[in-house]
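**Student:**
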Amino acid sequence: MKFSICNELFEGWKLDDIFQYSAELGYDGVEIAHFTICDSVTEVSKLERERLRKSAEKAGIEIVGIHWVLISPKGLHISHPDPEIRLKTRDYLHELVDFCGDLGGRVIVFGSPQNRKTIEPLKPEEAWELAKETFQHTCDHAKDRGVIICIEPLASYMTDYINTPEDGARLVEEINHPNFKMILDTYSMSCNKVDMAKAVEKYSQYLEHFHINDDNQKWPLSGGIDYAPVAKALKKINYDKYVSVEVFKFEPDPRTIAQESMKALKTIFK
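Taking our numbering, I'd label the letters of the sequence shown as residues 78 to 347.
1. What span of residues does the beta strand (DSSP E) with K194 cover, start to end?
2. What three-state label does DSSP hand G223 in the structure shown?
3. Write down the C-beta distance between I314 and E278 rounded to the nearest angstrom, noting that I regard them as a contact closer than 8 Å.
4. According to the neighbour-count rule (16 or more other Cβ atoms, all chains shown, within 10 Å of its Cβ), is D262 buried or exposed?
5. To which residues does DSSP link D262 through a beta bridge?
6. Assuming R215 and H171 are in contact, meaning their beta carbons sit under 8 Å apart, how far apart are those beta carbons, in whole angstroms?
7. Can you give me the C-alpha to C-alpha distance between V118 and K209, rounded to a whole angstrom?
8. Round the Cβ separation of V322 and C83 to the nearest angstrom and send it over; I've been treating them as touching at under 8 Å.
9. Going along the chain, which residues of its own chain have a beta-carbon closer than 8 Å to the beta-carbon of I23, five neighbours each way excluded?
10. Less than 8 Å between the beta carbons of V350 and V141, yes or no?
11. Considering Cα atoms alone, identify which of C115, F212 and K200 is closest to K165.
12. Counting only the same chain and skipping the five closest in sequence on each side, list residues whose C-beta sits under 8 Å from that of S132.
13. Start and end of the alpha helix (DSSP H) containing A308?
14. Looking only at its chain, what residues have a beta carbon closer than 6 Å to the beta carbon of F325, apart from the 5 residues adjacent to it on each side?
15. According to the neighbour-count rule (16 or more other Cβ atoms, all chains shown, within 10 Å of its Cβ), is K258 buried or exposed?
16. Spell out a yes or no on whether the segment 288–305 and the segment 260–274 are touching, meaning 3 or more CB-CB pairs, one atom from each, closer than 8 Å.
17. Per DSSP, I140 forms a beta bridge with which residues?
18. Would you kindly work out how many angstroms separate the C-alpha atoms of L147 and R193, rounded to a whole number?
19. Secondary structure at V146, three-state DSSP: helix, strand or coil?
20. How would you label T344, buried or exposed, when you count the other beta carbons within 10 angstroms and need 16 or more for buried?
21. Since Y319 sits in a beta bridge, which residues does DSSP pair it with?
22. Considering just the uninterrupted stretch of the alpha helix (DSSP H) at F96, what are its terminal residues?
23. Using only alpha-carbon positions, find the residue among D330, R332 and F346 that is nearest to V307.
24. Following the continuous alpha helix (DSSP H) through F176, name the residue where it begins and the one where it ends.
25. Are the segment 236–256 and the segment 298–306 in contact at 8 Å, needing three or more beta carbon pairs?
26. Going by beta carbon distance, what residues of the same chain come within less than 7 Å of A219, once the five residues before and after it are set aside?
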């Protein structure tokens, strides 16, 4: 099992400094939200991608992958009723795969609730089918680049479909591609009152990435989630991939969040 941290909490920091500081604290990797460095990943040159990859390597950090992938540019949606918007989104997903691969990343975390929620006149099941079609067009390219797309079940207040581990597993099974898997997130599971340990064990074959946070949207052990059962389950399935800290409240400051998160990880997974 390896530990990583999401870069957006380091507001105003350069990625090079985040790599260095994260390594100093004992993290193995950094997960990147591209909106912190650009509007569209197409704006980041091949040269800069290579520089960032080498910067992380020099610091002893692995770029785990990317997340918050459709927050920008505006106007993208995987299940939009307009086929032109879906095509535009599909094309951008290909760009995201290349961006992730060029950085040396392995996972693309697909949460993006506003870019997948059902838009009228569609019904959720119709949106599901369109989303599935969008992802299916990207999986082979992901395989070529050694990248795995991970669908993230999200809290039901965020989006109206793919909310539970069961939903995520169903989508993985229907797409049926080795480069389409699932990520689980402790905050969303707590919101939906999911038995986290049971979900980890039941869907272990689909689990490619794991986000850890607390029910107060801050770092682990700062709120009310009991991590002991899910930590035990991750160990039981011999989970050897990343547990990545993702917070939604960036207070009091990046250093405190990163430090307290690492302390919590060591306590939870001791």
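From the three backbone atoms N, C-alpha and C, an ideal C-beta is built for every residue, glycine too.
Here the structure is a predicted model, which is why all the values come from computation and not from measurement.
**Tutor:** Looking at the atomic coordinates:
1. One-based indexing of the sequence shown puts residue 194 at position 117. Here K194 belongs to no beta strand (DSSP E), and DSSP marks it neither H nor E.
2. Looking up residue 223 in the sequence shown gives position 146. Looking at G223 - three-state DSSP - the assignment turns out to be coil, as it is neither helix nor strand.
3. Start at 1 with the first residue of the sequence shown, and residue 314 comes out as number 237. Start at 1 with the first residue of the sequence shown, and residue 278 comes out as number 201. Right, the Cβ-Cβ distance comes to about 6 Å (below 8 Å), so this counts as a contact.
4. As a position in the sequence shown, residue 262 is number 185, starting the count at 1. Buried, since its Cβ has 16 or more Cβ neighbours within 10 Å.
5. Against the sequence shown, residue 262 aligns to sequence position 185. Bridge partners of D262: H288.
6. As a working mapping, residue 215 is identified with position 138 in the sequence shown. As a working mapping, residue 171 is identified with position 94 in the sequence shown. Sequence check: residue 215 is Thr here, not Arg. Contact flag correct, Cβ pair sits at about 6 Å.
7. Translated into positions along the sequence shown, residue 118 becomes position 41. Translated into positions along the sequence shown, residue 209 becomes position 132. Going from the Cα of V118 to the Cα of K209 covers about 23 Å.
8. Position 245 of the sequence shown, counted from the first residue, corresponds to residue 322. Position 6 of the sequence shown, counted from the first residue, corresponds to residue 83. Correct: roughly 6 Å between the Cβ atoms.
9. Because residue 23 is not part of the residues shown, which for the chain are 78 to 347, the question remains open.
10. The shown model of the chain, from 78 to 347, leaves out residue 350, and the question about it has no answer.
11. Indexing the sequence shown from 1 puts residue 165 at position 88. Of C115, F212 and K200, the residue nearest in Cα terms is F212.
12. Here residue 132 refers to the residue found at position 55 of the sequence shown. These residues qualify, in order along the chain: L92, D93 and F96.
13. Here residue 308 refers to the residue found at position 231 when the sequence shown is read from its first residue. Per DSSP, A308 belongs to the alpha helix (DSSP H) from A305 to K313.
14. Position 248 of the sequence shown, counting from 1, holds the residue named residue 325. Answer for F325: Q294, listed in chain order.
15. By one-based count along the sequence shown, residue 258 stands at place 181. Classification of K258: buried, given that the 10 Å Cβ count is 16 or more.
16. yes
17. Numbered from 1 along the sequence shown, position 63 holds the residue referred to as residue 140. BP columns for I140 point to V107.
18. Stepping through the sequence shown from its first residue, residue 147 is reached at position 70. Stepping through the sequence shown from its first residue, residue 193 is reached at position 116. One C-alpha to the other measures close to 10 Å.
19. Against the sequence shown, residue 146 aligns to sequence position 69. Three-state DSSP puts V146 in coil, outside helix and strand.
20. Translated into the one-based positions of the sequence shown, residue 344 becomes position 267. The residue is exposed, with fewer than 16 neighbouring Cβ atoms inside 10 Å.
21. Taking the sequence shown and counting its residues from 1, one reaches residue 319 at position 242. Its beta-bridge partners are K79.
22. Here the question's residue 96 lines up with position 19 in the sequence shown. Per DSSP, F96 belongs to the alpha helix (DSSP H) from L92 to L102.
23. For the purposes of this step, residue 307 is taken as the residue at position 230 of the sequence shown. The shortest C-alpha separation from V307 is found at F346.
24. Residue numbering aside, residue 176 sits at position 99 when the sequence shown is read from its first letter. Taken as a continuous stretch (DSSP letters only), the alpha helix (DSSP H) holding F176 covers P160 to L180.
25. no
26. Sequence index remark: in the sequence shown, residue 219 carries index 142 (1-based). V174, I225, I226 and N256, listed in sequence order.
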